[in-house]
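The structure appears below as structure tokens.
There are 2 protein chains.
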Amino acid sequence: MRTVKVELAERSYPIFIGSNLLADKDLISRHLPQHRAAIVTDSVVAPLYLDAFAGALNDAGVEVIRMVIPAGEQHKDWQTLGSVFDSLIAHRCERKTALIALGGGVIGDLTGFAAATYLRGVPFIQIPTTLLAQVDSSVGGKTAVNHPRGKNLIGAFYQPLAVIADTATLATLPQREIGAGLAEVIKYGLIRDPAFFSWLEANIDALTRRDDDALGYAIQRSCENKAEVVAADEREETGIRAQLNLGHTFGHAIEVGTGYGSWLHGEAVAAGMVIAARVSRHMGLMGDDEVTRIVTLLKRAHLPVVAPDLGVDHYLDLMGLDKKVEGGKIRFILLRAIGSAFITAEVPQDAIAAALVESAHHG
Amino acid sequence: MRTVKVELAERSYPIFIGSNLLADKDLISRHLPQHRAAIVTDSVVAPLYLDAFAGALNDAGVEVIRMVIPAGEQHKDWQTLGSVFDSLIAHRCERKTALIALGGGVIGDLTGFAAATYLRGVPFIQIPTTLLAQVDSSVGGKTAVNHPRGKNLIGAFYQPLAVIADTATLATLPQREIGAGLAEVIKYGLIRDPAFFSWLEANIDALTRRDDDALGYAIQRSCENKAEVVAADEREETGIRAQLNLGHTFGHAIEVGTGYGSWLHGEAVAAGMVIAARVSRHMGLMGDDEVTRIVTLLKRAHLPVVAPDLGVDHYLDLMGLDKKVEGGKIRFILLRAIGSAFITAEVPQDAIAAALVESAHHG
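Next up, the structure:
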């Protein structure tokens, strides 16, 4: 078992990474402040893991409340959140009753926000079952639900007591979701870890065929990178944490512009990172060869690198609603090189337009 | 102008207390991180103060977005909160656009929760316009909305950048709401400040006739007491902050049992404090004379001291859903004396039943 520590003073917590951790009843139950817990999961994950996991908790003497919500990003909404509260109240869950998110990013984000706000905050444990959630969304305390006008517009920063990433759950993941997770893995290499980017170039085939050792290392290194960034800027105040959003401003526009659910988040981020790399190249920050390395690695991870052709104006409009807007100006995460991202609001409109047109037409 | 500081490390903030502070454009605008702000107020307060206040902000060069929600506790709900988010998004409010709550406790709680969760947290300023909000709900960072099954079940701890208590706004308050605010003022004397309780006994008539000096001192002393408690236990973790809930467990039961809105919160707390005092007396903690002093002061503040006769079983059922429940046991705030509260889960059922029966039949 690998362990990564997220250092946030009194809100510090461990991430455990390994195979078959879901069956380890003591690992999980020792983080529970009460012999009662509510598991929130979705209609896809429940038939795969809920019985076994709830059984392990029962064996540890924990009474389990089960909540199964419909699967899919379109259910990460106000209405589903309301139904979780109704259920927590109907079961008389208390301030010490932990909420356990068992599932992907949607489950983690929605359950985390419910935990942040039910009775003004109850204990929370993340059990991410997708690669994307294990390397990104379960770590760092961002929780939220979507609004019809934009993703993650309503949420909170709320840290879990522990994150348990069971790599055995990745075996049942559709191949497309392995790719979506690898987009965020590659992002860490791009923004701050050139050695990891090179390691990924050497090991991308092992990762796409789900080699357990390779996945374990990729998850660990991703979590270490994310933990360092989050420790430096927990609430996205200094601009350091914003670097984690490389490709996300464009990616969100793709997700919203095509309607939630048709592109996976990681897929949209992959195409968005290509756009960001090309904006950087148009501004003379990076060479063609580096853009090619990025495009090549993403393609080898079976990720889309061609963006949907929504038109430049529609893209800009979609990005105007983004959370990363300051004083009417959009702040972009760009690259000085592979392994070195920075944040800037000084981006010529024509560099953005050129990158958007180029990315909508070829990979 | 009186100033009280709430000491919470990097989340510390000032409370300004004085007459006509709403017209002081610089006092407010210097707390805004951006020359744009959204004021949330209700249909009762808006015609009284919104134009003048928004005008003062305009004079300070601040663009103002106005949101007027229906007045009343029954609108402190999930649906109204959703409409505030819709409006914030429609106006493209950003991470640095402050939310200003202009109104009573309902406006402060709901706007504060919106500020805590819109884009995972935006700047927040409290401008309480009722006595209850000035002495209690605007200070300490508790924000929430109600659920049909209970009050404040969904919320967050979120501190404002500043609280501005303009005593001139109390002139338009219905007399019943002056009383409701005085219930919380009296509470501070009861739980931790016997000298203040004695001062209240000497000055209660000046307070009910809205003497500005008396009100200013009562607000200041209340805020100082609350600030000290909140600084010691911001998130209600050690039991210190829970003392602020004296009378509230019974009070919530009264509010829920009679349907939100028929009793004012402060009125329910007043009757609840009498019940708590009688439980304490039945347990041999306090004498009859002290209960009499409490009942007398509350009556002189024109507050109800007779609880509605809901039946003991219904009361207990209503309290079972309360947030202050731990491991199935209800924790009560009781009194050792006037000025000395404590928290305990060891309360004989018959002491509670006796106090409930007694309080439902006489003051």
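As they're listed, the protein sequences go chains A and B. Read in order, the letters of the first sequence correspond to residues 4 to 366 in the numbering used here. Read in order, the letters of the second sequence correspond to residues 4 to 366 in the numbering used here. C-beta: ideal position from N, C-alpha, C; glycine also.
Measure the alpha-carbon distance for residue i versus residue j and round it to whole angstroms.
i	j	result
A:G323	B:T132	35 Å
A:N155	B:Y52	34 Å
B:A198	B:I207	14 Å
A:S90	B:A74	28 Å
B:D325	A:V308	Note that B:D325 scores a pLDDT of 48, beneath 50, so its modelled location is shaky and nothing firm can be said.
A:A348	A:P36	45 Å
B:R195	B:L30	32 Å
A:H400	A:S343	Residue 400 of chain A lies beyond the stretch modelled for chain A, which goes from 4 to 366, so this question has no answer here.
B:V67	B:H38	9 Å
B:P17	B:E239	21 Å
A:F253	B:Y191	53 Å
B:F160	A:L288	43 Å
B:T295	B:L210	20 Å
B:W81	A:V350	40 Å
B:E293	B:L337	13 Å
A:R213	A:L164	28 Å
B:A186	A:I157	35 Å
B:D112	A:F88	18 Å
B:G115	A:Q162	20 Å
A:L122	A:R14	19 Å
A:V282	A:K302	19 Å
A:V166	B:I72	40 Å
B:R365	B:I278	The sequence given here has His at residue 365 of chain B, not Arg. Approximately 11 Å, taken between the alpha carbons.
B:E10	B:T100	24 Å
A:L313	A:V48	33 Å
A:I297	B:E227	58 Å
Find the residues of chain A that neighbour residue i, judging by a C-beta separation of less than 7 Å, and give them in chain order.
i	result
B:H150	F88, I92
B:A147	R123
Between the Cα of residue i and the Cα atoms of the options, which residue gives the shortest distance?
i	options	result
A:A136	A:V315, A:H251, A:G269	A:G269
A:A280	A:A57, A:G264, A:V315, A:G250	A:G250
B:I42	B:I20, B:N61, B:L102, B:L24	B:L102
A:A93	A:Y161, A:T6, A:L306, A:M70	A:M70
A:R98	A:F19, A:G143, A:A40	A:A40
A:I346	A:L321, A:A358, A:R244	A:R244
A:D316	A:F127, A:D353, A:G106	A:D353
A:H255	A:H305, A:P311, A:S283, A:A230	A:P311
B:H285	B:T146, B:A356, B:M276, B:K332	B:A356
A:K229	A:D139, A:I278, A:L203	A:D139
B:L319	B:H305, B:F335, B:I167	B:F335
A:Q77	A:A104, A:I110, A:A358	A:I110
A:A118	A:G108, A:L84, A:G107	A:L84
A:P126	A:G21, A:V282, A:G290, A:S32	A:S32
B:L247	B:V48, B:K145, B:S22, B:E361	B:K145
A:T7	A:S141, A:S362, A:V148	Residue identity check: residue 7 of chain A is Val in the sequence provided, not Thr. Cα-wise, what sits closest to A:V7 is A:S141.
A:C96	B:K332, B:I278, B:A55, B:V188	B:K332
B:Q129	B:T44, B:G182, B:L321, B:K79	B:T44
Under 8 Å between beta-carbons, which chain A residues line up against residue i? List them in chain order, please.
i	result
B:F127	Result: empty, since nearest Cβ-Cβ is about 14 Å, beyond 8 Å.
Answer yes or no: does any C-beta atom of chain E fall closer than 9 Å to that of residue i?
i	result
A:T299	Of the protein chains in the structure, A and B, none is chain E.
Identify the contact partners of residue i in chain B, using a Cβ-Cβ distance below 8 Å as the criterion.
i	result
A:T132	Residues of chain B passing the Cβ test: none, with the nearest at roughly 24 Å.
A:L156	F88, I92, Y121, L122
A:G153	I92
At a CB-CB cut-off below 9 Å, which residues of chain B make contact with residue i?
i	result
A:R14	Result: empty, since nearest Cβ-Cβ is about 11 Å, beyond 9 Å.
A:F160	R123, G124
A:K229	Under the 9 Å cutoff, chain B gives no residues; its nearest Cβ is about 17 Å from A:K229.
Whose Cβ in chain A lies nearer than 9 Å to the Cβ of residue i?
i	result
B:G260	Result: empty, since nearest Cβ-Cβ is about 17 Å, beyond 9 Å.
Which chain B residues are close to residue i, counting only those with a beta carbon under 7 Å from its beta carbon?
i	result
A:G85	W81
* To do: Mind listing, in chain order, the continuous beta strand (DSSP E) runs of no fewer than 3 residues lying wholly within the region 122 to 208 of chain A?
  => 127 to 131, 145 to 150, 153 to 160, 165 to 169
* Which runs of the alpha helix (DSSP H) spanning at least 4 residues fall entirely within the region 207 to 267 of chain A, listed in chain order? -> 215 to 235, 251 to 260
* Asked: Should the region 251 to 260 of chain A be regarded as contacting the region 162 to 171 of chain A, the criterion being three or more beta carbon pairs within less than 8 Å?
  -> no
* Would you call the region 133 to 153 of chain A and the region 215 to 222 of chain A touching, i.e. three or more CB-CB distances under 8 Å? -> yes
* Asked: Where in the region 269 to 324 of chain A do unbroken runs of the alpha helix (DSSP H), each at least 4 residues long, occur, reported from the N-terminal end onward?
  -> 291 to 303, 315 to 323
* Asked: For the 8 Å Cβ check, are there 3 or more pairs between the region 233 to 250 of chain A and the region 175 to 185 of chain A?
  -> no
* What residue ranges within the region 28 to 93 of chain B form continuous beta strand (DSSP E) runs of no fewer than 3 residues, ordered along the chain? -> 39 to 45, 66 to 72
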